[in-house]
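Structure, as structure tokens:
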Amino acid sequence: MRPSQVIIPITAAAASAVVGFTFGRRVGGVNLKGQLNGNDKLLSRQERCFATALIQMGYGHLFRHWPPPGVRDGEKRRLLAAAAQRLEGVTAAVEAERLAALAPPTAPQRPKLLQTHGDDREDKYYWLRDDARKDTAVLSYLKAENEYTKGVMADTEKLQEALYKEMRARIKEDDRQVPSRHHGYFYYTRQETGQQYGINCRRRVPAAMVSCGPSETDDVDESEPEQVLLDQNQRKSQLGVEYYSVGGADVSPDQRLYAWAEDTVGGEKYTLRVKELSTGAELTKPIPGMSGDFEWAADSATLFYVVKDHLDRPYKVRQYDGGADVVVYEETDEAFYVHVYKGRSERVIYISSIHPSCNFHGHLFFCRLSSQLFALIPARLPLPYKTAVQDTEYSVTDRGDWLYMTVRDKSRPNSELLVAPLHNPAAGEVLIPHSRDVKLDGVSMGERYVVVSERSGGLQRARVYELPEKLGRPVGHLVGGEEIKFEEPAYSLGAYLTGDFNSPIVRMSYTSLTTPSTIIDMHVGTGKRCVKKVAPVLGGFDQSRYVTERLWATAPDGVKVPISLVYRTGLVKLDGSDPLLLNGYGSYEISNDPYFSSSRLSLLDRGFIFAIAHIRGGGEMGRYWYEDGKLQKKTNTFTDFITAAEHLVLERRLVAPSRLCIEGRSAGGMLMGAVLNMRPDLFHAAIIGVGFVDCLTTMLDETIPLTIIEREEWGDPAADPAVYAYMKTYSPVDNVKKQAYPHILAVAGLHDPRVGYWEPAKFVAKLREHKTDSNLLLLKTEMGAGHFSVTGRFEKLKEVAFEYAFLLKTLGLLDVPLAGSSEPGAVASPAGGDKLE
1 MRPSQVIIPI
11 TAAAASAVVG
21 FTFGRRVGGV
31 NLKGQLNGND
41 KLLSRQERCF
51 ATALIQMGYG
61 HLFRHWPPPG
71 VRDGEKRRLL
81 AAAAQRLEGV
91 TAAVEAERLA
101 ALAPPTAPQR
111 PKLLQTHGDD
121 REDKYYWLRD
131 DARKDTAVLS
141 YLKAENEYTK
151 GVMADTEKLQ
161 EALYKEMRAR
171 IKEDDRQVPS
181 RHHGYFYYTR
191 QETGQQYGIN
201 CRRRVPAAMV
211 SCGPSETDDV
221 DESEPEQVLL
231 DQNQRKSQLG
241 VEYYSVGGAD
251 VSPDQRLYAW
261 AEDTVGGEKY
271 TLRVKELSTG
281 AELTKPIPGM
291 SGDFEWAADS
301 ATLFYVVKDH
311 LDRPYKVRQY
321 DGGADVVVYE
331 ETDEAFYVHV
341 YKGRSERVIY
351 ISSIHPSCNF
361 HGHLFFCRLS
371 SQLFALIPAR
381 LPLPYKTAVQ
391 DTEYSVTDRG
401 DWLYMTVRDK
411 SRPNSELLVA
421 PLHNPAAGEV
431 LIPHSRDVKL
441 DGVSMGERYV
451 VVSERSGGLQ
461 RARVYELPEK
471 LGRPVGHLVG
481 GEEIKFEEPA
491 YSLGAYLTGD
501 FNSPIVRMSY
511 TSLTTPSTII
521 DMHVGTGKRC
531 VKKVAPVLGG
541 FDQSRYVTER
551 LWATAPDGVK
561 VPISLVYRTG
571 LVKLDGSDPL
581 LLNGYGSYEI
591 SNDPYFSSSR
601 LSLLDRGFIF
611 AIAHIRGGGE
621 MGRYWYEDGK
631 LQKKTNTFTD
641 FITAAEHLVL
651 ERRLVAPSRL
661 CIEGRSAGGM
671 LMGAVLNMRP
681 DLFHAAIIGV
691 GFVDCLTTML
701 DETIPLTIIE
711 REEWGDPAAD
721 PAVYAYMKTY
731 SPVDNVKKQA
741 YPHILAVAGL
751 HDPRVGYWEP
761 AKFVAKLREH
771 KTDSNLLLLK
781 TEMGAGHFSV
791 TGRFEKLKEV
801 AFEYAFLLKT
811 LGLLDVPLAG
821 SSEPGAVASP
831 AGGDKLE
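First residue of the sequence shown? That's 1 in full-length UniProt numbering, and the numbers climb one at a time after it.
Laid out in structure tokens, this is it:
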């Protein structure tokens, strides 16, 4: 039955807007049936006329994502009535009516009882997990959520486009990386205007440059012909795939062959391919199901590569020479995964068996490289190293007849550097002793120098030490050394030897929240430095306009938690009225160090403050920092983040809860879910990227990838009732309750092998069931991507633009122009309970 018609009072502007329109299904050139998703049948002639007027005035987003007839029909007609009265400009009230007309998907409930240690949990949405990614009910639900998200965000489409264009305009599209010099060639990746992916290339080092030896000023000679190794744009087009990512790529020692590993789905299972550079012809059959990890042997015919098991665990090293394909090593312990790598000397290939809390596990293999085919030498680490396998980490490289080992265990949590004979690793002697205040982060070994990366007080630094001639063994402790550090209050630094093994060039990669990525080469012998490149930021970027600070918040147990932040001077008031985006991670000993983002300028130049909470569970402050935020101390990660937020709100008064937005990805997404359950009143909006939000259920299920491996991070709730009880107190899905939540955008990847798409989907479904507010709750699933989302550099910008538009929408800031511009991205349109006057 047709709903009764309503009488719509209209203004003079509204009346003039409809003059000349013809009544009917197609009015004024607008196909109403298509625009209204079949809802034109519900409307009177007058209503269709006003709908057409609104569409032609640029307000088609009001109706574009209406649910089909029979769903929220009353809300649709109320929206049309409200909008028709305000044809001069769509207001916040109209936007509220538009959102009311959209129907969020309701996930069917199919309760499944999960019983562990005598405790029962009911999971109504367990059915959303489909390992094959083919269940039509699951895919339909995810697509419905995507359509709803698209509908809710329809009023931000102009803003998204504006954000995307301004982000892209800052990129120098025809760009080239700083080249690396190896075996007579300069290797680099370049980008071309309009192309999404990189082009891997090389040019010969000119003869005159070869005779002079490596220099800090080295660069490619454009007169030398360029050889394209792999054009990723061309390759993606050739394959006809939506997703494309290269895991590893390398030229054979004799410079004839090129091997690369590619992923065309997003599930991080790569296919290894080999081609002849002179002809481009592929020489071997593709090898699927590998991890992306491989190395060439010295004969230039043999490849060592790592394959994955059914749970995506890299577990086996195979040797392939174009004919025979044999197993070299297989790790049967499901808590370990295998890695293969080559030392900088290129004399030794290492096969390591790695656990999250201990590398090598007593399994250390050397493949001696020479002009002949390698000989495999098993060298399991004997006592005392083998005794500490449950909490011992070895990082190994070689120089001459000596092994240099970074070792971490319970007595040396921040690691120390040892040297030992190549064939007797147990006879190690200390070169750099353990320090409680300085963490040894890594070693880059060369013929005459070693670069040691360190971390102290939350900041990175490096030291360069000279080593004895003729590959001799250092005597005693390494002392002194040239220190490399920078003076900004917060930054990221990578320092390593670049080029061949005998190169004296140290490359420094530096960035901060205000400094674009900067590459500096230093000749260790002369001390001369050369700035090789500062990443270009187009569009008039002026670094002096931005300020970065390092703050310290005090956690409930007295621990000082560092916070890095950045803002644009003259644009923020620093009185609590500015919007602030707080980022967090805090797991796996990963350091969430500050870095420059040209995309982030789109927030800073709209008056945002951006901050990073360097919380426990990460590696910023050393090994102790990590151990204080894992296993039975995991809740320190969450309370540290809340402490950082409260410091910004209550002590520094930089932001109010109504302006405080938060974001985190993966384990950082779990952090977001946990703090939203704990303190929803503290935050305004949250972006949860591929969030590990159903962590308890996942860690109870050994059929899910990474579960067994990650027990050292979270514990084993299946075996230990105490771990189960503890994880249940913070697992986001298990702690959703009847309360008001902030605006939430959850992002998932259908082919994600690390965090199943069903975790964010279940979290959103349960939030819809329990939350008491009218704030936005959106689920956006990338149907053709995995854990790291889309791969094209411009497609990534669209994802960022979408997330930024979500934040601006929830804050009612859609009409705030970019600094220096008078053009707003779109009309204002606050969400939920927010209002714009």
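We treat Cβ as the ideally placed atom computed from N, Cα and C, and that holds for glycine. If you're wondering where the values come from, they're calculated on a predicted model, not measured in any experiment.
Valine 733 and lysine 780 do not touch by the CB rule: their CB atoms are close to 18 Å apart, not below 8 Å. Taking a contact to require three or more Cβ pairs closer than 8 Å, the segment 733–753 and the segment 628–641 do not qualify as touching. Residue environment: arginine 711 is assigned as buried (16 or more neighbouring CB atoms within 10 Å of its CB, all protein chains considered). Between the beta-carbon of methionine 445 and that of tyrosine 404 there is about 6 Å, and that keeps the pair under the 8 Å contact cut. Residue pairing from DSSP leaves glycine 292 without any beta-bridge partner. Nearest in C-alpha terms to tyrosine 187, of all of Ile55, Arg168, Asp155 and Leu230, is Leu230. According to the DSSP assignment, leucine 418 belongs to the beta strand (DSSP E) that extends over 412–421. Your pair valine 693 and phenylalanine 806 does not check out as a contact, with CB atoms roughly 18 Å apart and the cut at 8 Å.
Within the same chain, Cβ atoms closer than 6 Å to the Cβ of glycine 442 are found at Ser453, the five residues on either side in sequence being excluded.
Contact between the segment 527–545 and the segment 613–621 is absent: fewer than three C-beta pairs spanning the two stretches fall below 8 Å.
Between the segment 133–150 and the segment 102–111, the count of Cβ pairs shorter than 8 Å is three or higher; the stretches touch. Between glutamate 799 and valine 790 a beta carbon distance of about 6 Å is seen, short of the 8 Å cut, so the two are scored as contacting.
Here DSSP, grouped into helix, strand and coil, assigns serine 512 to coil. Taking each of Gly38, Leu750, Phe794 and Tyr741 in turn and checking the Cα distance to serine 140, the smallest one comes out for Leu750. Here the segment 475–491 makes no contact with the segment 195–206; the two share fewer than three CB pairs at distances below 8 Å. At the C-beta level, lysine 316 and valine 340 stay beyond 8 Å of one another.
Under the DSSP assignment, threonine 271 falls in the beta strand (DSSP E) whose first and last residues are 270–276.
Judged by DSSP in its simplified three-state form, isoleucine 642 adopts helix.
DSSP, read as helix, strand or coil, puts tyrosine 585 in coil. Bounds of the beta strand (DSSP E) holding asparagine 200 are 199–204. When DSSP assignments are scanned along the segment 595–671, the uninterrupted stretches of alpha helix (DSSP H) that are 4 or more residues long and fall wholly within it turn out to be 601–604, 623–627 and 635–646. For tryptophan 758, same chain residues with a beta-carbon under 7 Å away, outside a window of 5 residues either side, are Leu128 and Arg129 in chain order. Linking threonine 498 to valine 506 through their CA atoms gives a straight-line distance of about 6 Å. Excluding five sequence positions before and after glutamate 97, the CB atoms of its chain that fall closer than 6 Å to its own CB belong to Arg78, Leu79 and Ala82, given in chain order. In this structure, the CA atom of glutamate 95 is about 41 Å from the CA atom of leucine 113. Shown here, glutamate 803 sits in a helix according to DSSP, grouped into three states. Counting only runs of at least 3 residues, the segment 74–153 fully encloses the following beta strand (DSSP E) elements, listed from N- to C-terminal order: 112–116 and 119–123.
Per DSSP, glutamine 35 is one residue of the alpha helix (DSSP H) stretching across 32–35. The Cβ neighbour count for leucine 648, taken over all protein chains shown within 10 Å, is at least 16; the residue is labelled buried. Looking from the CA of glycine 457, the closest CA among Asp219, Leu551, Gly343 and Gly786 belongs to Leu551.
Contact annotation: tyrosine 741 and aspartate 701 have beta-carbon atoms that are not nearer than 8 Å.
Taking a C-beta distance under 8 Å as the contact criterion, serine 345 and aspartate 299 do not qualify as a contact pair.
In the three-state scheme derived from DSSP, where H, G and I count as helix and E and B as strand, serine 544 is classed as helix.
The beta carbon of glutamate 447 lies closer than 6 Å to those of Phe501 and Asn502 in the same chain, with the five residues before and after it left out. Counting along the chain, methionine 445 sits inside the beta strand (DSSP E) bounded by residues 439–445. Closest by C-alpha distance to tyrosine 258, out of Gly266, Ala249 and Val265, is Ala249.
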